[in-house]
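Colleague: For reference, the structure I am asking about is given below.
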Amino acid sequence: MPSTYTSLPPFLRLVRWLAAAQYLFSTLGIIIYLAFSFTTLRQEYRMASVTLQVWAPQQGQLHKPGYDSLVASKQPNAHRLVPLTERIRLKYIESNWGKKVVLELLGVLNSSADGRGSLPLMMYSMLTGMLLYRILNEMQIESPFTEKNARRIRWLGLLMISIDLYQYLARIILARLVPPVPLPGHSGTVAPYVLLDVGPEIGAWKFGLVLLVVAAVYQRGVVMAQEAELTV
4 MPSTYTSLPP FLRLVRWLAA AQYLFSTLGI IIYLAFSFTT LRQEYRMASV
54 TLQVWAPQQG QLHKPGYDSL VASKQPNAHR LVPLTERIRL KYIESNWGKK
104 VVLELLGVLN SSADGRGSLP LMMYSMLTGM LLYRILNEMQ IESPFTEKNA
154 RRIRWLGLLM ISIDLYQYLA RIILARLVPP VPLPGHSGTV APYVLLDVGP
204 EIGAWKFGLV LLVVAAVYQR GVVMAQEAEL TV
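For what it's worth, the numbering used here labels the leading residue of the sequence shown as 4, then goes sequentially.
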């Protein structure tokens with residue numbers, strides 16, 4: 004089915020261009036990543052930077068002295084700020100080449116970066132942008148149901164589920180790779196406190212399941228459209 008740029012409303016055309024931009028910039032990011040990141044693996048030593056999240060001493064609790072003073076306070080909007088957790092950064096030298104490769108893929112083998120950008124996350128961004136662009140580029144309001152778009156929606160759902168699975172496995176792998184450094188004031192090593200710098204978790208797998216349901220409904224629409232054409 005030929006794509007038409009006039010069949011979509013303005014909002015969907017805007018989303019299509021945004022998806023194309025995401026696809027383009029993610030692809031460029033992957034090219035730059037592959038061109039520069041792995042050249043540094045030939046260095047003898049690399050600095051790994053891993054974020055740890057630990058409970059604060061008060062663990063978000065307002066103990067009796069603070070509670071009593073807050074209740075007795077006559078000030079308007081009386082309050083206390085109680086630390087719940089705190090984040091610290093573990094930096095260490097990694098010289099094992101195999102571990103350096105895995106740490107590079109996880110996006111933590113960078114002593115100067117404040118965030119984390121890993122190859123799987125960039126590929127996820129590229130693939131979702133590509134699929135969304137192709138869905139909207141082929142869609143026509145007059146006949147929106149196509150077999151290709153049903154498959155693309157299904158792939159979008161599977162990608163969203165897989166990215167949450169990747170995050171879960173990546174944290175386990177990273178916790179096994181960090182050296183057994185003791186954490187002062189806490190029992191055991193730093194491994195249980197490893198945190199991936201990916202921002203707040205939103206549960207992408209839930210949206211993935213929704214998209215799989217939408218894909219099934221969409222597939223049924225494709226069948227009905229084909230049956231209608233045969234009837235005519």
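The beta-carbon is built from N, C-alpha and C at its ideal position, and this holds for glycine as well.
From R90 to L55, what does the alpha carbon distance come to, in whole angstroms?
Modeller: Translated into the one-based positions of the sequence shown, residue 90 becomes position 87. Translated into the one-based positions of the sequence shown, residue 55 becomes position 52. About 6 Å.
Colleague: Label S52 either buried or exposed according to how many other C-beta atoms from any shown protein chain fall within 10 Å of its C-beta, with 16 as the threshold for buried.
Modeller: For the purposes of this step, residue 52 is taken as the residue at position 49 of the sequence shown. With 16 or more other CB atoms across the displayed protein chains lying within 10 angstroms of its CB, S52 is buried.
Colleague: Quick check: the Cα distance between L37 and R92, rounded to an integer number of angstroms?
Modeller: Reading the sequence shown from its first residue, position 34 is the one you call residue 37. Reading the sequence shown from its first residue, position 89 is the one you call residue 92. Approximately 26 Å, taken between the alpha carbons.
Colleague: Using a Cβ-Cβ cut-off of 7 Å (strictly less than) and excluding sequence neighbours within five positions of L134, which residues of its own chain qualify?
Modeller: The residue labelled residue 134 in the question sits at position 131 within the sequence shown. Annotation for L134: R155, W158 and L159 place their beta carbon closer than 7 Å to its own, counting only its chain and skipping 5 residues before and after.
Colleague: Three or more C-beta pairs under 8 Å: does that hold for the region 181 to 193 against the region 216 to 228?
Modeller: no
Colleague: The alpha helix (DSSP H) with L162 in it runs from where to where?
Modeller: As a first step, residue 162 must be located in the sequence shown, where it is residue number 159. E150 to L180 is the extent of the alpha helix (DSSP H) around L162.
Colleague: With a threshold of 8 Å, are at least 3 pairs of Cβ atoms found where one atom belongs to the region 101 to 112 and the other to the region 13 to 26?
Modeller: Look at the beta carbons and you see the region 101 to 112 not touching the region 13 to 26: under three pairs across the two are nearer than 8 Å.
Colleague: Starting from Y95, follow its DSSP beta bridges and name the residues at the other end.
Modeller: Here residue 95 refers to the residue found at position 92 of the sequence shown. For Y95, which the question treats as bridged, DSSP gives the partners A51.
Colleague: Grab the span of the alpha helix (DSSP H) containing M129 for me, first residue to last.
Modeller: Along the sequence shown, one-based indexing puts residue 129 at 126. It spans L122 to E141 - the alpha helix (DSSP H) in which M129 sits, taken as one unbroken run.
Colleague: When burial is assigned at 16 or more other CB atoms within 10 Å of the CB, is A59 buried or exposed?
Modeller: One-based indexing of the sequence shown puts residue 59 at position 56. Counting C-beta atoms within 10 angstroms of its own C-beta, A59 has fewer than 16 neighbours from the protein chains shown and is therefore classed as exposed.
Colleague: Between R137, L17 and V181, which has its C-alpha nearest L199's C-alpha?
Modeller: Reading the sequence shown from its first residue, position 196 is the one you call residue 199. Of R137, L17 and V181, the residue nearest in Cα terms is V181.
Colleague: Using only CA atoms, which one of V85, Y127 and M142 lies nearest to D167?
Modeller: To locate residue 167, count along the sequence shown from 1; it is residue 164. With distances taken between Cα atoms, D167 lies closest to Y127.
Colleague: Between which two residues does the alpha helix (DSSP H) harbouring V105 extend?
Modeller: Walking along the sequence shown from the start, residue 105 turns up at place 102. Taken as a continuous stretch (DSSP letters only), the alpha helix (DSSP H) holding V105 covers W100 to L109.
Colleague: Can you tell me whether G101 is buried or exposed, with buried defined as 16 or more other CB within 10 angstroms of its CB?
Modeller: Here the question's residue 101 lines up with position 98 in the sequence shown. With fewer than 16 Cβ atoms within 10 Å of its Cβ, G101 is classed as exposed.
Colleague: With L139 and G211 assumed to form a contact (beta carbons below 8 Å), what rounded beta-carbon distance in angstroms separates them?
Modeller: Here the question's residue 139 lines up with position 136 in the sequence shown. Here the question's residue 211 lines up with position 208 in the sequence shown. The Cβ separation is near 19 Å, so there is no contact.
Colleague: When the Cα of L122 is compared with those of V216, N80 and Y169, which residue comes out closest?
Modeller: As a first step, residue 122 must be located in the sequence shown, where it is residue number 119. If we check each option's Cα against that of L122, Y169 comes out closest.
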